[in-house]
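Protein chains in written order, with my numbering: chain D, 17 to 207; chain C, 31 to 431. By construction, the Cβ of each residue, glycine as well, lies at the ideal position given by its N, Cα and C atoms. See structure below.
Here is the structure:
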């Protein structure tokens with residue numbers, strides 16, 4: 017059964033899905049029905065070393081850099097409006113292919129140009145981010161961005177991290193005030 | 031008190047306890063022009079599937095009274111009282127909206143706010159100004175909705191297309207299924223899209239004396255303004271025989287007359303009624319006329335009076351009189367319907383006086399750019415008595431049909 021994540025919730029899913037190997041992080045939302053700027057939500061991933069920073073800029077997987085060098089992480093592409101059912105953006109991860117120096121992958125969700133468009137997750141209908149175990153297709157966790165992160169514009173959603181020979185998933189749900197650029201910089205990306 | 035920003039959501043229980051929530055909406059344009067505020071009660075699909083849950087100036091209460099417009103309260107120009115425990119289960123979302131009729135957009139809003147009030151205190155407030163908006167003429171300001179528990183949201187989003195776009199957003203249209211169903215060998219054509227449910231904005235009933243309906247004449251061409259007044263009634267004697275052993279033949283059916291006393295803005299006065307054959311005039315002042323003299327009530331049409339130029343009137347008093355047949359109002363179920371375009375005002379004569387044969391049903395008055403219809407249902411002996419009450423000042427002589 018999928019765990020419903022709430023704000024501040026910190027959940028380890030190792031019991032839910034021991035031996036995670038292939039996961040999909042899905043981001044979905046409804047296209048804007050009212051008049052005004054489109055809601056453009058973006059999923060991103062940071063492959064981090066033991067110090068919690070990217071090894072280099074190519075460890076930052078996002079709409080302008082869709083695949084990691086080793087092929088372990090792949091982003092399905094930028095959806096700028098939320099049009100379409102289900103996951104509007106997704107990041108797929110094959111954990112066995114992740115190089116040894118990478119200790120964790122941090123998954124984030126941001127609203128493009130949130131400050132200038134004056135938007136936050138609460139304004140977006142049915143915005144969610146979820147994690148699916150691709151071995152078997154079971155949804156492990158889901159976070160309702162519209163309800164639980166209503167006044168946020170960016171969020172560190174979760175970490176997938178090494179634990180011995182295994183990978184584990186930890187939900188974080190921590191808001192971040194300044195958008196993708198400053199978020200990436202805080203992860204060591206040169207922007 | 032929590033200050034909410036646009037987009038902010040939360041659980042009502044986190045603000046305070048109680049089943050009764052008031053939503054105090056205070057909006058005005060910088061020009062001083064007023065804004066219509068309403069509440070849409072939506073179902074699970076986000077649709078206004080029952081237009082009795084569109085609460086606005088002409089329909090201030092939902093059928094069971096769970097939602098009610100209460101006027102100015104809590105430092106706001108308008109407020110809604112919602113009893114969450116009395117809301118029918120099908121209504122799960124209440125959207126408090128504002129629309130601008132006429133010039134201006136929401137970017138012209140002066141400092142405005144929506145307050146969520148629990149137990150008499152404002153527990154949370156969403157403040158906003160025109161700077162937050164652009165070309166919107168309709169705005170969803172705030173909503174409360176049921177998602178496991180009751181929640182609130184400061185919405186602050188709207189539509190440039192105004193009320194019609196807002197209604198479309200809440201009505202939607204059924205999407206025709208794509209292509210043939212897999213089981214059918216010959217492809218079946220997709221059914222035509224069902225048009226969105228029509229929200230009847232102006233169909234109201236004036237149940238009690240003193241209740242008013244308002245027709246807005248703004249922005250309408252002269253030809254669209256005409257008011258059609260219909261009087262209809264039942265024939266309680268249909269099929270009944272009179273006399274000893276029922277051999278006396280059918281009782282004559284009741285004959286009711288529709289008429290009016292009018293005063294135009296230019297001072298012209300008169301009476302229109304079948305008695306004395308004053309059927310009025312269509313193409314010249316007062317542009318008020320009677321359609322026909324239905325002496326039986328058997329006609330499904332009843333009697334019809336038309337006010338073609340409500341913009342020229344000052345005051346019109348619509349009356350009904352009873353003549354032959356079972357000559358009293360108590361058993362004919364008389365009712366008046368006023369129609370103006372899609373708007374309909376229904377006035378039942380629901381507290382009849384069996385002893386009096388003249389009823390002043392309603393008064394129609396021009397007030398600025400609107401026409402106000404007030405239910406009177408005032409029973410008197412004759413024209414003279416009615417005239418005395420309503421102050422026209424005619425000279426009355428006996429007449430007959």
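Counting C-beta pairs with one atom in each stretch, the segment 73-81 of chain C and the segment 128-140 of chain C have fewer than three that are closer than 8 Å, which means they do not touch. Per DSSP, the unbroken beta strand (DSSP E) holding residue 258(C) starts and ends at 257-262. Residue contact check for residue 193(D) against chain C: no CB pair falls below 9 Å. Within a 10 Å sphere around the beta-carbon of residue 298(C) sit fewer than 16 other beta-carbons, which makes this residue exposed.
Residues of chain D whose Cβ lies closer than 7 Å to the Cβ of residue 143(C) do not exist; the shortest such Cβ separation is about 17 Å.
Using a Cβ-Cβ cut-off of 9 Å, residue 49(D) counts as an interface residue toward chain C, since at least one Cβ of chain C sits closer than that to its own. Residue 409(C) has 389(C) as its beta-bridge partners, per DSSP. A straight-line Cα-Cα distance of about 59 Å links residue 47(D) and residue 309(C).
Under a 10 Å Cβ-count criterion, residue 88(D) is classified as buried, with 16 or more other Cβ atoms of the shown protein chains found around its own Cβ.
For the segment 171-200 of chain C, residues whose beta-carbon sits nearer than 9 Å to a beta-carbon of chain D comprise 177, 181, 183, 184, 185, 186, 187, 188, 189, 190, 191, 195, 199. For secondary structure counted as the beta strand (DSSP E) over 3 or more consecutive residues, the segment 35-123 of chain D holds these complete runs in sequence order: 38-44, 57-64, 89-91, 105-110. Contact of residue 137(D) with chain C is assigned, a C-beta pair being separated by under 9 Å. In summary, residue 382(C) is buried, with 16 or more beta-carbon neighbours lying within 10 Å of its beta-carbon over all protein chains present. Bridge partners of residue 160(D) according to DSSP: 144(D).
Annotation for residue 158(C): no alpha helix (DSSP H) segment contains it, though the beta strand (DSSP E) segment containing it runs 151-158. Within a 10 Å sphere around the beta-carbon of residue 96(C) sit 16 or more other beta-carbons, which makes this residue buried. Approximately 15 Å separates the beta-carbon atoms of residue 175(C) and residue 154(C); this is outside 8 Å, ruling out the contact.
In the DSSP assignment, residue 199(C) falls within the alpha helix (DSSP H) that extends over 192-201. Listed in chain order, the positions of the segment 133-167 of chain C with a beta carbon within less than 8 Å of a beta carbon of chain D are 162, 164, 165, 166. By the neighbour-count criterion, in which a residue is buried when 16 or more other Cβ atoms sit within 10 angstroms of its Cβ, residue 170(C) is buried.
With fewer than 16 other CB atoms across the displayed protein chains lying within 10 angstroms of its CB, residue 87(C) is exposed.
The contact set of residue 123(D) on chain C, defined by CB atoms closer than 7 Å, is empty, because the minimum CB distance reaches about 22 Å. By the Cβ neighbour-count rule, residue 63(C) is exposed, with fewer than 16 other Cβ atoms within 10 Å of its own.
Annotation: the continuous alpha helix (DSSP H) that includes residue 196(D) extends over 196-202. Taking a beta-carbon distance threshold of 9 Å, residue 77(C) does not count as an interface residue toward chain D. For residue 312(C), there is no enclosing beta strand (DSSP E), as DSSP marks it with neither H nor E. Counting only the Cα atoms, residue 83(C) lies some 11 Å from residue 120(C).
Residue 199(C) counts as buried, since at least 16 other C-beta atoms from the protein chains shown sit within 10 angstroms of its C-beta. Contact residues of the segment 50-61 of chain D toward chain C are 50, 51, 52 (C-beta to C-beta distance below 7 Å).
Beta-bridge annotation (DSSP): residue 143(C) is paired with 56(C), 157(C).
Residue range 130-133 is occupied by the alpha helix (DSSP H) that includes residue 131(D).
Against chain C, the beta carbon of residue 163(D) has neighbours under 8 Å at 39, 177, 181, listed in chain order.
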